[in-house]
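So the protein lines, in turn, are chains F and S.
The numbering of the first sequence is numbering that gives the first Met the number 0, which starts it at 0 and goes up by one.
The numbering of the second sequence is numbering that gives the first Met the number 0, which starts it at 0 and goes up by one.
Ideal Cβ positions, reconstructed from N, Cα and C, are used throughout, including at glycine.
Read the structure below first, then the notes.
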Amino acid sequence: MTTATSPHNHVRGGYSLGRYIAMDFWRNLRNIGNSFFVIVLPTALFLFFGASMDWSGEPVGVGNVSAWTMIAIASYGAAMATTSMAGSAALEIQQGWGRQLALTAMPHGAFIVAKAAIAVAIAALPVLVLNLAGIFTVADMPPGVWLATVGLTIAGSLPFAFYGLAVGLSFRSDAAVGAATGLLVIFSFLGNAFTPLDGVLLDIGRFTPMYGIVALARYPLTGGDLVSMGGTSGSDPLWMVLANVATWTVVFAVACLLLQRRRTTRH
Amino acid sequence: MVQESVISARNVHMSFPDGTGGHIRAVDGVDLEVARGEVLALLGPNGAGKTTLLDILLGLTTARSGDVSVGGQPPRAAVQTGRLSALLQTGGLLPDLTAAETVRMIAALHADPADVDEVIDIAGVRPFASRQVGKCSGGQQQRLRFALALLPRPEIIVLDEPTAGMDVSARHEFWDRMRAQADEGITVIFATHYLEEAEQFARRTVLMNSGRVLADGPTDEVRARAGAAYVTVTWDPAADELERLPFVIRTTREGARITFRTERPDELARHLLTSTDAHGLTVRPASLEEAFRLLTEESTDTGDTERPATAAPEEVSA
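Next comes the structure, spelled out in structure tokens:
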């Protein structure tokens, strides 16, 4: 009798990371409460502050202020999504799911890749909803610029998947993940996302993690030019924006790798 | 009985910081060879090092020193190729997935998994396959973990206290399913503190305490080594009569009843009935639990006094 479990000659490799990612994506998407806040809250923020102010239609770069605001709030929503997604992934590991996964063909590193992919897929949802909201209100950009900012916004949330994962792996509690997500409001403010900064705050803000991804997502619109209440005021070179993104990505990713290596041991 | 060894651990050491600057030796020089098709019980109290040893065999923890190979491969490679799998005591499940979704998700992560529906049937997951894991009972979750362990079609399966939290009938059912797998030729290593599980299911038993192997052999022999049986009689002997009695390791008096621990119950019983006034004789084999306790006692107080005339009161229930 041959049963499903009879031993046989095994070959290495061949596991399906794609199927795992798809199944885990749906599992997280049907977690309605989380999805609702990640998508609806930023959209509401945009409708209040980005689409209905007196200055929403003022020109910025090749588009208008509404578009400038929309991009940043979308970045905020996407970063919230990846942070909380990745943080919950870390909590799964605390519940022993990581040990279950360590008994499969999937290597340690692939878990991080899978979770980052899922987090980015979830992050794409608020970006798409916000941009639709922008299209149907007053946001304005040339179509090519629009597409470029959408792509950059989603890509820019990737470092925050590592950020959320690192926080979850080190503090091991819902509260810590919640705090990490909440901290994004401050990072976004310092990252020049909500109101245009200048002076010392701008100098400090340039070194904070949201600054790079927001500036990068806006780059097609502004060409790096900064916006202040009185009009444009200076400009960020592209290399500086990229250096910010690259540095924080490396910092968060390395933290994840070190913490992930530590976690499979029980103590 | 020289057979191919599928698991080989030599001089394995593992220690953890104890939080006060020192180290706890969780595994302290363990040697273990497991032959293909063997069913082995790993017994020991909490903190004996069982789970740490199993983690090392599974590649979840790297030993501080020593050599471990599974089927000639490092443990992690044996897991990745699906030769080695496990049901872990601490193997977590995602509460918001259904049982069937859990099996499908883990199946996606094995190179050449068994058919999901077949595994669900074999492990007895079918009746609650569409239930959310968080709403399943402890026994149902163990069955689900068993299904996950069967997914890679393993040659070697490691079970860390697999029936913890199950009621008696669930335990019987679990071991019936496990026995069917063992009959297929799978090598089974299980840690348990239900000692009757070792007696009923394992042909070989390894006793562990404080990170060391205290005894390793056929389950019957391990029991024999700790004093095979208790012989109880009604008797009122003189002190010198008691002294002269052969084959006795320990003596306990309780009113008119005297209980002897012995490694040779037949000879002692024959002697008692033919050469003394003793009567009302009963013989009871020592349980593995008693074997275990006696062996752990011997390992801690080395100068075990032979034949104390009146031993410390032991519970005797013959």
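Separation of F:L127 from F:T4, as counted between CA atoms: In the first sequence, the residue the question calls residue 4 of chain F occupies position 5. In the first sequence, the residue the question calls residue 127 of chain F occupies position 128. Bear in mind that a pLDDT of 46 at F:T4, under 50, signals an unreliable position, so the number given afterwards is only what the model happens to contain. Cα to Cα, the separation comes out at about 45 Å.
Proximity test, Cβ basis, 8 Å: S:L108 and chain F: Looking up residue 108 of chain S in the second sequence gives position 109. True, the Cβ-Cβ gap to chain F drops below 8 Å.
Backbone secondary structure at F:A101 - three-state DSSP: Looking up residue 101 of chain F in the first sequence gives position 102. If DSSP states are grouped into helix, strand and coil, F:A101 belongs with coil.
Distance between S:V33 and S:A179 (C-alpha atoms, nearest Å): Translated into the one-based positions of the second sequence, residue 179 of chain S becomes position 180. Translated into the one-based positions of the second sequence, residue 33 of chain S becomes position 34. Approximately 20 Å, taken between the alpha carbons.
Touching by the beta-carbon criterion (3+ pairs, under 8 Å), the stretch 199-206 of chain F and the stretch 114-133 of chain F: no
Nearest candidate by alpha-carbon position, reference F:L102, set S:L294, S:V78, S:L92 and S:F127: As a first step, residue 102 of chain F must be located in the first sequence, where it is residue number 103. If we check each option's Cα against that of F:L102, S:V78 comes out closest.
Start and end residues, beta strand (DSSP E) containing S:Y229: Here residue 229 of chain S corresponds to residue number 230 of the second sequence, with the count starting at 1. First-last of the beta strand (DSSP E) with S:Y229: A228 to T233.
DSSP-derived helix/strand/coil call for F:T264: Position 265 of the first sequence, counted from the first residue, corresponds to residue 264 of chain F. A caution first: F:T264 carries a pLDDT of 49, below 50, which makes its placement in the model unreliable, though a value can still be read off. DSSP places F:T264 in coil when its eight states are reduced to three.
Residues of the stretch 83-97 of chain F whose Cβ lies closer than 9 Å to any Cβ of chain S, in chain order: E91, I92, Q93, Q94, G95, W96 and G97
Residue of F:L241, F:T194, F:R205 and F:V249 minimising C-alpha distance to F:S55: Here residue 55 of chain F refers to the residue found at position 56 when the first sequence is read from its first residue. It is F:T194 whose Cα lies nearest to the Cα of F:S55.
Top-ranked residue by Cα proximity to S:A8, from S:A25, S:T51 and S:S68: In the second sequence, counting from the first residue as 1, residue 8 of chain S sits at position 9. Out of S:A25, S:T51 and S:S68, S:S68 has the C-alpha closest to the C-alpha of S:A8.
Terminal residues of the alpha helix (DSSP H) in which F:V61 lies: Numbered from 1 along the first sequence, position 62 holds the residue referred to as residue 61 of chain F. Run containing F:V61: none; DSSP gives neither H nor E here.
Pair within 8 Å by beta-carbon distance, F:W96 and S:G91: Sequence index remark: in the first sequence, residue 96 of chain F carries index 97 (1-based). Sequence index remark: in the second sequence, residue 91 of chain S carries index 92 (1-based). In this structure, S:G91 lies closer than 8 Å to F:W96 by Cβ.
Any chain F beta carbon closer than 8 Å to S:A103: Numbered from its first residue, the second sequence carries residue 103 of chain S at position 104. First, the amino acid is wrong: residue 103 of chain S is Arg here, not Ala. Closer than 8 Å to some Cβ of chain F, the Cβ of S:R103 qualifies, so yes.
Alpha-carbon spacing of F:S172 relative to S:Q140, whole angstroms: As a working mapping, residue 172 of chain F is identified with position 173 in the first sequence. As a working mapping, residue 140 of chain S is identified with position 141 in the second sequence. Taking the straight line from one Cα to the other gives about 24 Å.
Host beta strand (DSSP E) of F:D224 (start-end): Residue mapping note: residue 224 of chain F aligns to position 225 of the first sequence, counting from 1. D224 to S227 is the span of the beta strand (DSSP E), which, as asked, contains F:D224.
Stretch-stretch touch, CB-based, cutoff 8 Å, three pairs: the stretch 40-54 of chain S with the stretch 108-126 of chain S: no
Neighbouring residues, chain S, relative to F:N30 (Cβ below 8 Å): The residue given as residue 30 of chain F occupies position 31 in the first sequence. Within chain S, the residues near F:N30 are D95.
Near-chain F residues of the stretch 118-141 of chain S (beta-carbon distance less than 9 Å), N- to C-terminal order: V118, D120 and I121
Whole-number beta carbon distance between F:A78 and F:L183, since they are thought to touch under 8 Å: Your numbering for residue 183 of chain F matches position 184 in the first sequence. Your numbering for residue 78 of chain F matches position 79 in the first sequence. Indeed, because the Cβ distance is near 6 Å, the residues count as touching under 8 Å.
Collapsed DSSP secondary structure at S:D265 in the structure displayed: Start at 1 with the first residue of the second sequence, and residue 265 of chain S comes out as number 266. DSSP places S:D265 in helix when its eight states are reduced to three.
Interface flag, F:A104 vs chain S, CB-CB below 8 Å: For the purposes of this step, residue 104 of chain F is taken as residue 105 along the first sequence, with counting starting at 1. Closer than 8 Å: yes.
Cut-off 7 Å between Cβ atoms - residues of its own chain near S:A214, not counting five sequence neighbours on either side: Taking the first residue of the second sequence as 1, we reach residue 214 of chain S at position 215. Excluding sequence neighbours, S:A214 sits near L206, V221, R224 and L294.
F:V137 in three-state terms, based on DSSP: For the purposes of this step, residue 137 of chain F is taken as the residue at position 138 of the first sequence. DSSP places F:V137 in coil when its eight states are reduced to three.
Pairwise C-alpha distance: S:V26 and S:R292: Numbered from 1 along the second sequence, position 293 holds the residue referred to as residue 292 of chain S. Numbered from 1 along the second sequence, position 27 holds the residue referred to as residue 26 of chain S. Spanning the two alpha carbons is a distance of roughly 20 Å.
Span of the beta strand (DSSP E) around S:I23: Counted from its first residue, the second sequence places residue 23 of chain S at position 24. Looking at the DSSP string, the run of the beta strand (DSSP E) that includes S:I23 is H22 to A34.
Pairwise C-alpha distance: S:V157 and S:R130: The count along the second sequence starts at 1 and reaches residue 130 of chain S at position 131. The count along the second sequence starts at 1 and reaches residue 157 of chain S at position 158. Roughly 26 Å between the two C-alpha positions.
Distance, S:P245 Cα to S:L267 Cα: Here residue 267 of chain S corresponds to residue number 268 of the second sequence, with the count starting at 1. Here residue 245 of chain S corresponds to residue number 246 of the second sequence, with the count starting at 1. Spanning the two alpha carbons is a distance of roughly 7 Å.
Test item: CB-CB of S:P153 and S:G81 under 8 Å: Within the second sequence, numbered from 1, the residue matching residue 153 of chain S stands at position 154. Within the second sequence, numbered from 1, the residue matching residue 81 of chain S stands at position 82. Cβ distance < 8 Å, so S:P153 and S:G81 count as in contact.
Residues bridged to S:R211 (per DSSP): Here the question's residue 211 of chain S lines up with position 212 in the second sequence. Its beta-bridge partners are S:N208.
Beta carbon proximity, S:T210 to chain F, threshold 8 Å: The count along the second sequence starts at 1 and reaches residue 210 of chain S at position 211. One detail in the question is off: residue 210 of chain S reads as Gly in this sequence, not Thr. For S:G210, the answer is no, since every Cβ of chain F falls outside 8 Å of its Cβ.
Enclosing alpha helix (DSSP H) for S:A8 [first to last residue]: For this step, residue 8 of chain S is matched to residue 9 along the second sequence. No alpha helix (DSSP H) contains S:A8, which is instead part of the beta strand (DSSP E) from S4 to P16.
Assigned secondary structure, S:T19 (DSSP; H/G/I helix, E/B strand, else coil): Sequence index remark: in the second sequence, residue 19 of chain S carries index 20 (1-based). Here S:T19 sits in coil by DSSP.
Opposing strand residues paired with S:Q131 [DSSP bridges]: Walking along the second sequence from the start, residue 131 of chain S turns up at place 132. BP columns for S:Q131 point to S:T97.
Candidates S:L31, S:V38 and S:G20: closest to S:Q199 by CA position: Translated into positions along the second sequence, residue 199 of chain S becomes position 200. For S:Q199, the nearest C-alpha among the options comes from S:V38.
F:W238 classed as buried or exposed, judged by whether at least 16 other C-beta atoms fall within 10 angstroms: On the first sequence, position 239 is the one that residue 238 of chain F refers to. The residue in question, F:W238, is exposed, as its Cβ has fewer than 16 Cβ neighbours within 10 Å.
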